[in-house]
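There are 2 protein chains.
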Amino acid sequence: MYKELNTSNRILMGPGPSDAHPRVLKAMSTPLIGHLDPEFVTIMDEVKSMVQETFITKNHLTFVVSAPGSAGMETCLVNLLEPGDEVIIGINGVFGGRMADIAERCGAKVHKVVVPWGTIISTNDIKKALDICPKPKLVALVHAETSTGALQPLKEISNLVHNAGALLMVDAVTSYCGVELKVDDWDIDAIYTGTQKNLSAPPGLSPVSFSDRAVKVLENRKTKVQSWFLDLSLVKNYWGGAKRAYHHTAPVSSVYALRESLRIVLEEGIEERWERHQKVHQVLKTKLENLGFEYLVEEQYRLPNLNSVFLPEGNDEALLRSILLNKYNIEVGGGLGDFAGKIWRIGIMGESCTLNHVNMLISALEDMKEFKR
Amino acid sequence: MYKELNTSNRILMGPGPSDAHPRVLKAMSTPLIGHLDPEFVTIMDEVKSMVQETFITKNHLTFVVSAPGSAGMETCLVNLLEPGDEVIIGINGVFGGRMADIAERCGAKVHKVVVPWGTIISTNDIKKALDICPKPKLVALVHAETSTGALQPLKEISNLVHNAGALLMVDAVTSYCGVELKVDDWDIDAIYTGTQKNLSAPPGLSPVSFSDRAVKVLENRKTKVQSWFLDLSLVKNYWGGAKRAYHHTAPVSSVYALRESLRIVLEEGIEERWERHQKVHQVLKTKLENLGFEYLVEEQYRLPNLNSVFLPEGNDEALLRSILLNKYNIEVGGGLGDFAGKIWRIGIMGESCTLNHVNMLISALEDMKEFKR
Chain A
601 MYKELNTSNR
611 ILMGPGPSDA
621 HPRVLKAMST
631 PLIGHLDPEF
641 VTIMDEVKSM
651 VQETFITKNH
661 LTFVVSAPGS
671 AGMETCLVNL
681 LEPGDEVIIG
691 INGVFGGRMA
701 DIAERCGAKV
711 HKVVVPWGTI
721 ISTNDIKKAL
731 DICPKPKLVA
741 LVHAETSTGA
751 LQPLKEISNL
761 VHNAGALLMV
771 DAVTSYCGVE
781 LKVDDWDIDA
791 IYTGTQKNLS
801 APPGLSPVSF
811 SDRAVKVLEN
821 RKTKVQSWFL
831 DLSLVKNYWG
841 GAKRAYHHTA
851 PVSSVYALRE
861 SLRIVLEEGI
871 EERWERHQKV
881 HQVLKTKLEN
891 LGFEYLVEEQ
901 YRLPNLNSVF
911 LPEGNDEALL
921 RSILLNKYNI
931 EVGGGLGDFA
941 GKIWRIGIMG
951 ESCTLNHVNM
961 LISALEDMKE
971 FKR
Chain B
601 MYKELNTSNR
611 ILMGPGPSDA
621 HPRVLKAMST
631 PLIGHLDPEF
641 VTIMDEVKSM
651 VQETFITKNH
661 LTFVVSAPGS
671 AGMETCLVNL
681 LEPGDEVIIG
691 INGVFGGRMA
701 DIAERCGAKV
711 HKVVVPWGTI
721 ISTNDIKKAL
731 DICPKPKLVA
741 LVHAETSTGA
751 LQPLKEISNL
761 VHNAGALLMV
771 DAVTSYCGVE
781 LKVDDWDIDA
791 IYTGTQKNLS
801 APPGLSPVSF
811 SDRAVKVLEN
821 RKTKVQSWFL
831 DLSLVKNYWG
841 GAKRAYHHTA
851 PVSSVYALRE
861 SLRIVLEEGI
871 EERWERHQKV
881 HQVLKTKLEN
891 LGFEYLVEEQ
901 YRLPNLNSVF
911 LPEGNDEALL
921 RSILLNKYNI
931 EVGGGLGDFA
941 GKIWRIGIMG
951 ESCTLNHVNM
961 LISALEDMKE
971 FKR
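Here the protein sequences line up with chains A and B, keeping their order. All letters in the first sequence, in the order written, are residues 601 to 973 by my numbering. All letters in the second sequence, in the order written, are residues 601 to 973 by my numbering.
Below you can see the structure in the form of structure tokens.
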């Protein structure tokens with residue numbers, strides 16, 4: 601009744617997942633070992649160390665949440681916040697909104713800095729928010745807003761946040777391993793990401809990292825973390841510490857895949873990888889603009905790896921996306937929220953960030969009689 | 601610096617993960633498709649339908665949590681409970697204790713029915729608890745206590761629970777697809793399990809199911825669910841409903857593996873699979889007892905697939921486990937809590953439930969000069 605798995609050979613150029621390297625797929629087919637096997641403990645240590653290298657941090661509390669990026673987001677918030685805490689959250693797309701939603705579920709008082717989708721939160725916006733709420737516990741920003749393709753500058757805001765005595769929390773799901781990101785240099789206190797974007801591993805895990813300043817906040821909590829599964833006071837003993845304590849069963853195969861994808865990143869070099877995303881972006885941008893596409897985000901705040909573009913007038917975006925998927929096996933993403941039906945989100949991330957990917961997409965568009973320039 | 605993944609070829613006979621079928625490992629190496637691809641939506645529908653078949657339920661709200669079994673446990677509790685709710689929780693091992701911990705984090709008033717590890721909660725125990733707390737919202741029990749190997753009878757207690765107007769919640773992590781489990785017949789209102797036990801898929805996902813009675817409770821909540829990631833009012837629109845709404849990025853490769861492992865279960869037949877676990881257990885039991893092992897749990901409440909046994913006197917369990925692992929590549933589990941250092945937990949689950957597995961383990965013990973009968 602249920603047939604053998606038989607999926608189409610997709611080219612993934614949406615907002616994630618991206619194409620996985622054959623080495624990563626092969627790693628996942630490695631037979632399982634136990635999640636408490638000394639060999640698996642070594643693998644966890646290696647993964648932790650490679651996550652530190654790619655986040656460019658020495659943070660001791662660096663590990664991988666056994667669930668997708670959204671659970672990484674929730675991990676940061678439920679552990680750092682307690683009922684009554686005041687937080688400032690920048691909202692310029694779906695994921696800032698999601699952070700605010702979770703912070704409210706933690707009982708925090710959320711000061712939302714809301715700017716139009718496609719723009720970024722300015723230093724001045726944060727200054728104004730600090731005038732209203734001068735002693736927040738936490739300021740949270742989305743480094744790369746996956747719903748719009750906006751790249752949030754962090755360094756200047758980081759100083760402002762720390763001068764106010766607050767922690768800086770950052771969503772790096774779509775920036776990690778694709779654009780410049782320096783956790784220690786930029787003094788980020790809590791950061792989470794996903795595996796299925798520029799890392800080109802399958803979705804399902806969320807690397808996270810916490811500064812010593814954040815760890816102190818965790819240690820001084822007055823209340824229990826509302827989630828058991830995400831409670832760092834328990835999880836951290838599984839991912840490190842002198843004695844490994846069982847917490848939950850780690851997703852062994854997904855960790856194999858993550859390990860291999862991190863190896864590939866380090867073989868390429870993290871800065872070389874950022875550059876590759878920039879270079880391929882420039883080619884894609886020129887070709888898209890030649891076809892009449894227009895970028896949603898102002899050039900200086902544009903993510904190279906996630907291109908949010910308005911289609912040339914007179915095109916039916918849903919029809920074109922469906923032809924791309926069904927005839928050319930190419931996936932691009934549609935818009936979210938107010939931009940649903942208006943923009944495409946074209947991802948060139950990790951293994952999907954090649955000139956061949958760009959050419960396949962552009963040529964398919966050029967071939968399509970339904971596409972109007 | 602980081603070498604190619606190179607794990608030992610383990611024989612997994614601990615409390616999980618169990619050995620995965622080569623077809624399951626192969627399914628995971630299938631290239632990714634997008635998590636909103638119509639082909640992936642079909643895969644989700646098939647997985648949902650196979651989870652219903654294996655839980656033996658028609659429950660519409662049946663799906664897979666994108667995280668391990670512990671997150672399935674938390675999904676049930678955070679969605680069904682609100683602050684101030686009264687619950688009765690049976691504790692006869694680690695996992696009952698974990699349910700109580702999570703329920704308390706939900707702000708519930710928890711009535712704990714505590715019995716010695718290795719025994720089960722009797723109908724009378726629940727009756728007494730209902731005398732003290734006659735109108736609980738929920739009664740939660742562990743069907744198969746992974747820390748002790750005890751199999752909890754549910755049918756009679758189910759009547760009692762429903763006569764009190766409460767919901768019955770069940771942890772089926774180690775029973776699902778290995779011992780008799782009939783969700784509709786036994787009138788279970790909320791159930792969760794894991795993939796890495798009798799299903800023999802990699803760890804990382806948690807199939808769950810909710811009765812219509814439980815769905816009504818979800819719909820009548822007065823407060824928001826404290827977890828965004830596990831909030832069923834959001835997740836259910838991703839896993840079903842007229843229009844699929846994006847919630848989080850599903851772990852595509854893990855879902856491939858789950859689909860294949862469910863196909864294998866249905867090819868064997870769910871009742872035939874239960875019988876296989878019983879038959880192999882009888883062989884293992886005879887051979888273990890011949891070597892001087894003694895079972896922790898009374899025969900009628902013994903899990904066939906997780907054998908908790910005291911070693912013959914004079915044996916150093918940690919030394920023997922380490923020889924088994926390092927010389928014979930066989931993993932068995934140690935004890936937890938009060939039984940740490942005292943018992944072994946020998947799993948014969950799914951693909952690890954074969955006569956060859958039993959013979960490998962028994963022969964290794966017979967060969968070992970360090971093992972004293």
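Quick reminder that beta carbons are idealized off the backbone N, C-alpha and C, glycines included.
Which listed residue (the options) has its alpha carbon closest to that of residue i
i      : options                           : result
D938/A : A671/A, S747/A, K709/A and N679/A : S747/A
A627/B : L919/B, S722/B, L884/B and R863/B : R863/B
N759/A : V742/A, H743/A, C733/A and K727/A : K727/A
S809/B : L661/B, P668/B, D967/B and K969/B : L661/B
G947/A : Y602/A, H743/A, N905/A and R859/A : N905/A
V678/B : P617/B, Q826/B, V647/B and D787/B : Q826/B
G892/B : H848/B, L965/B and S854/B         : L965/B
G914/B : K816/B, K972/B, Y928/B and I757/B : K972/B
P912/A : M650/A, E894/A and Q900/A         : E894/A
T657/B : L754/B, D812/B, V714/B and T849/B : D812/B
E682/B : H881/B, D831/B, G697/B and F910/B : D831/B
T974/B : P631/A, I702/A, N606/A and E604/A : The first residue shown for chain B is 601 and the last is 973, placing residue 974/B beyond what the model contains.
I732/B : I923/B, L834/B, C953/B and V710/B : V710/B
H877/A : S775/A, G941/A and P807/A         : S775/A
I870/B : V958/B, G778/B and I611/B         : G778/B
Beta strand (DSSP E) segment containing residue i, residue limits
i      : result
K836/A : No beta strand (DSSP E) holds K836/A; the alpha helix (DSSP H) holding it covers L832 to W839.
D784/A : It is not in any beta strand (DSSP E) - D784/A carries neither H nor E in the DSSP assignment.
A671/B : Premise fails: A671/B lies in the alpha helix (DSSP H), G669 to L680, not in any beta strand (DSSP E).
I720/B : Segment: none, I720/B is in no beta strand (DSSP E) and carries neither H nor E.
V770/B : L767 to D771
Residue range of the unbroken alpha helix (DSSP H) whose run includes residue i
i      : result
M699/A : V694 to R705
N686/B : Checking the sequence shown, residue 686/B turns out to be Glu, not Asn. Unbroken run through E686/B is the beta strand (DSSP E), E686 to I691; no alpha helix (DSSP H).
R945/B : Per DSSP, R945/B belongs to no alpha helix (DSSP H); it is in the beta strand (DSSP E), I943 to G947.
F971/A : No alpha helix (DSSP H) contains F971/A, which DSSP labels as neither H nor E.
Y928/A : E917 to Y928
N759/B : K755 to N763
V624/B : P622 to M628
V742/B : It is not in any alpha helix (DSSP H) - V742/B instead sits in the beta strand (DSSP E) that spans L738 to V742.
Reduced DSSP category for residue i - H, G, I as helix; E, B as strand; rest coil
i      : result
T886/A : helix
I633/A : coil
H957/A : helix
K658/B : coil
S861/A : helix
V825/A : coil
R902/A : strand
V713/A : strand
A708/A : coil
V808/A : strand
E646/A : helix
Y846/B : coil
G935/B : coil
V665/B : strand
L751/A : strand
V779/B : coil
L612/A : strand
- Give a yes or no on contact between the segment 757-777 of chain A and the segment 785-792 of chain A, applying the rule of three or more CB pairs nearer than 8 Å. A contact exists between the segment 757-777 of chain A and the segment 785-792 of chain A.
- Got a sec: which bits of the segment 670-687 of chain B sit with their beta carbon under 7 Å from any beta carbon on chain A, in order along the chain? Cβ contacts with chain A: S670, A671 and E674.
- Message: So, does the segment 795-803 of chain B touch the segment 621-634 of chain B, judging by three or more C-beta pairs under 8 Å?
- Response: Because the criterion of three Cβ pairs below 8 Å is met, the segment 795-803 of chain B and the segment 621-634 of chain B touch.
- Message: Please list, in chain order, the residues of the segment 840-853 of chain A that have any C-beta partner in chain B closer than 7 Å.
- Response: For the segment 840-853 of chain A, the set of positions with a beta-carbon nearer than 7 Å to some beta-carbon of chain B reads H848, T849, A850, P851, V852 and S853 in chain order.
- Evaluate the contact criterion for the segment 682-694 of chain B versus the segment 703-712 of chain B: three or more CB pairs, one atom per stretch, below 8 Å. Three or more beta-carbon pairs drawn from the segment 682-694 of chain B and the segment 703-712 of chain B are found closer than 8 Å, and the two stretches are therefore classed as touching.
- Message: Please identify, using Cβ separations under 7 Å, the residues of the segment 929-944 of chain B that lie next to chain A, in order along the chain.
- Response: Going along the segment 929-944 of chain B in chain order, one finds E931 with a Cβ nearer than 7 Å to chain A.
- Query: Relative to chain A, which residues along the segment 772-791 of chain B have a C-beta separation below 8 Å, given in chain order?
  - Reply: Taking 8 Å as the Cβ-Cβ cut-off against chain A, none of the residues of the segment 772-791 of chain B qualify.
- Does the segment 712-730 of chain B touch the segment 664-684 of chain B, meaning 3 or more C-beta pairs lie closer than 8 Å? In short, these stretches do not touch, since the Cβ pair count stays below three.
- Members of the segment 621-655 of chain B near chain A, C-beta cut-off 7 Å: If the cut-off is 7 Å between Cβ atoms, the segment 621-655 of chain B has L625, K626, A627, M628, S629, T630, P631, L632, I633, G634, H635, D637, E639, E646 and M650 near chain A.
- Message: With three or more C-beta pairs closer than 8 Å as the rule, is the segment 951-971 of chain A touching the segment 925-940 of chain B?
- Response: Segment contact: the segment 925-940 of chain B against the segment 951-971 of chain A, fewer than three CB-CB distances shorter than 8 Å; contact not assigned.
- Give the residues from the segment 809-829 of chain B that approach chain A closer than 9 Å (Cβ to any Cβ), ordered along the chain. Cβ contacts with chain A: K824, V825, Q826, S827, W828 and F829.
- Item | chain A contacts from the segment 896-928 of chain B (Cβ-Cβ distance under 8 Å) | Flagged, chain order: L925.
- Taking a Cβ distance cut-off of 8 Å, strictly less, list which residues of the segment 862-878 of chain A are near chain B, in chain order. Correct list: L862, R863 and L866.
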